[in-house]
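Visitor:
Structure representation (structure tokens):
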């Protein structure tokens with residue numbers, strides 16, 4: 001006999017003869033006839049009378065086959081209250097997730113995966129996680145939990161990079177900028193898609209700037225701000241990073257390095273906007289203090305002489 005038929009027969013075999021047994025038998029008849037909505041309702045009636053947790057397995061199966069995914073998830077969660085049936089409940093939730101994926105119901109897939117991960121944290125869910133990511137149904141909570149699993153089964157580099165970019169964006173939104181920056185940087189180095197690289201570099205610049213602003217140590221600030229400036233190209237983020245980079249270098253006793261950063265702030269934009277004015281003021285202060293030696297032919301340092309004069 002086919003093993004699936006045996007399993008189904010065992011599932012539907014009534015094991016009680018007390019209160020609720022008749023309701024369970026009637027529910028079994030509805031299930032076997034393919035009348036799943038009625039079967040689900042009768043199983044609920046039966047468990048309400050008997051109080052037997054095992055009936056939630058049948059209720060969950062009926063609800064899942066009827067496409068009532070939320071009801072099925074609830075049934076299997078109730079089943080898991082019995083420690084002896086937690087593995088059975090986990091199997092049921094995995095079945096609900098698979099059915100939701102085939103039905104294209106991303107919300108139900110997410111809910112089933114969240115319930116499954118809470119019940120059986122070590123259970124592999126890579127394929128389901130990848131389907132959830134591709135469906136675009138991940139929220140911040142589920143993305144944090146399932147994107148690493150999806151990354152592990154990514155079929156190619158392009159999919160891997162798109163998932164890693166999504167993960168980096170979520171980490172940035174959650175103010176986990178150091179982790180996000182490394183993910184953005186990985187995508188920027190790996191990807192061959194121009195749009196993906198551009199997006200990764202913008203994300204890296206923003207996160208590196210945030211880390212540099214938050215750094216109390218000028219050496220750490222210098223590293224992050226220089227990274228933001230390099231990733232940001234000619235953007236306002238890059239100019240803001242350069243302005244702060246100059247200040248970090250002054251704190252390290254490097255006026256020449258500071259002057260170079262401030263001059264680049266001007267060169268990448270305008271001397272008349274707020275960033276340019278701030279950079280010019282810093283350069284003028286350096287020139288007035290005569291802290292930066294003027295080297296003939298050095299356009300960066302010549303600019304400080306012009307300001308001083």
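In the working numbering, the protein residues as written are 1 to 309. We put the beta carbon where it would ideally sit given N, CA and C, even for glycine. In this text the structure is predicted, and so the values were computed from the model without any measurement.
Which one of 288, 130, 154, 155 has the shortest CA to CA distance from residue 143?
Guide: 130
Visitor: With a threshold of 6 Å on Cβ separation, who are the neighbours of residue 150 within its own chain once the five nearest residues in sequence on each side are excluded?
Guide: Correct list, in chain order: 129, 130, 133, 163.
Visitor: Tell whether a beta-carbon distance below 8 Å holds between residue 59 and residue 35.
Guide: no
Visitor: Please work out which residues of its chain come closer than 6 Å, Cβ to Cβ, to residue 239, disregarding the five sequence neighbours upstream and downstream, and give them in chain order.
Guide: Non-local beta-carbon contacts of residue 239 in its own chain, meaning distances under 6 Å to residues more than five positions away in sequence, involve 265, 268, 269, 275 in chain order.
Visitor: Kindly examine the ligand PLP and report whether one of its heavy atoms sits closer than 7 Å to the Cβ of residue 67.
Guide: Ligands in the displayed structure: none, and consequently the ligand PLP is not present.
Visitor: Please work out which residues of its chain come closer than 7 Å, Cβ to Cβ, to residue 315, disregarding the five sequence neighbours upstream and downstream, and give them in chain order.
Guide: Nothing can be reported for residue 315, as the shown portion of the chain is limited to 1 through 309.
Visitor: Hey, how far is the Cα of residue 222 from the Cα of residue 213?
Guide: When rounded, the distance between both Cα atoms is 10 Å.
Visitor: Alpha carbon to alpha carbon, what distance is there between residue 48 and residue 64?
Guide: 20 Å
Visitor: Mapping the DSSP letters down to three states, classify residue 122 as helix, strand or coil.
Guide: DSSP, reduced to helix, strand and coil, places residue 122 outside both helices and strands of the structure shown, so it counts as coil.
Visitor: Can you check whether the CB of residue 40 is closer than 8 Å to the CB of residue 90?
Guide: no
Visitor: Between which two residues does the alpha helix (DSSP H) harbouring residue 201 extend?
Guide: 194-214
Visitor: Could you tell me the boundaries of the alpha helix (DSSP H) in which residue 95 lies?
Guide: 86-103
Visitor: Hey, which unbroken runs of the beta strand (DSSP E) at 3 residues or more fall wholly within the segment 21-45?
Guide: For the segment 21-45, not a single whole beta strand (DSSP E) run of length 3 or above is found.
Visitor: Compute the Euclidean distance between the alpha carbons of residue 193 and residue 173, then round it to the nearest angstrom.
Guide: 23 Å
Visitor: Taking the C-alpha atoms as reference points, what is the distance between residue 241 and residue 75?
Guide: 54 Å
Visitor: Under 8 Å Cβ to Cβ from residue 252, same chain only, skipping five residues before and after it: list those, please.
Guide: 218, 219, 222
Visitor: If you check the beta carbons only, do residue 185 and residue 165 fall under 8 Å apart?
Guide: The Cβ-Cβ distance between residue 185 and residue 165 does not fall below 8 Å.
Visitor: Which of helix, strand or coil does DSSP assign to residue 148?
Guide: helix
Visitor: Helix, strand or coil for residue 252, going by three-state DSSP, please let me know.
Guide: Looking at residue 252 - three-state DSSP - the assignment turns out to be coil, as it is neither helix nor strand.
Visitor: What is the DSSP secondary structure of residue 138, reduced to helix, strand or coil?
Guide: coil
Visitor: Determine the closest residue to residue 22 out of 37, 42, 57, with distance taken between C-alpha atoms.
Guide: 42
Visitor: Among residues of its own chain, excluding the 5 on either side of residue 309, which ones have a beta-carbon nearer than 6 Å to its beta-carbon?
Guide: The predicted model places residue 309 with a pLDDT of 32, which falls under 50 and marks its position as unreliable; any figure quoted below should be read in that light. Here the set comprises nothing.
Visitor: Which word fits residue 306, buried or exposed, when buried means at least 16 other C-beta atoms lie within 10 angstroms of its C-beta?
Guide: At residue 306 the pLDDT is 35, less than 50, meaning the model places this residue with poor confidence; the figure from the coordinates comes in the next sentence. Counting the other Cβ atoms within 10 Å of the Cβ of residue 306 gives fewer than 16, which makes it exposed.
Visitor: So residue 281 is in the alpha helix (DSSP H); what residue range does that whole segment cover?
Guide: 274-289
Visitor: Measuring straight from C-alpha to C-alpha, what distance separates residue 183 and residue 160?
Guide: 11 Å
Visitor: Quick one: does residue 23 have its CB under 8 Å from some CB of chain D?
Guide: No chain D is present in this structure, which holds just one protein chain.
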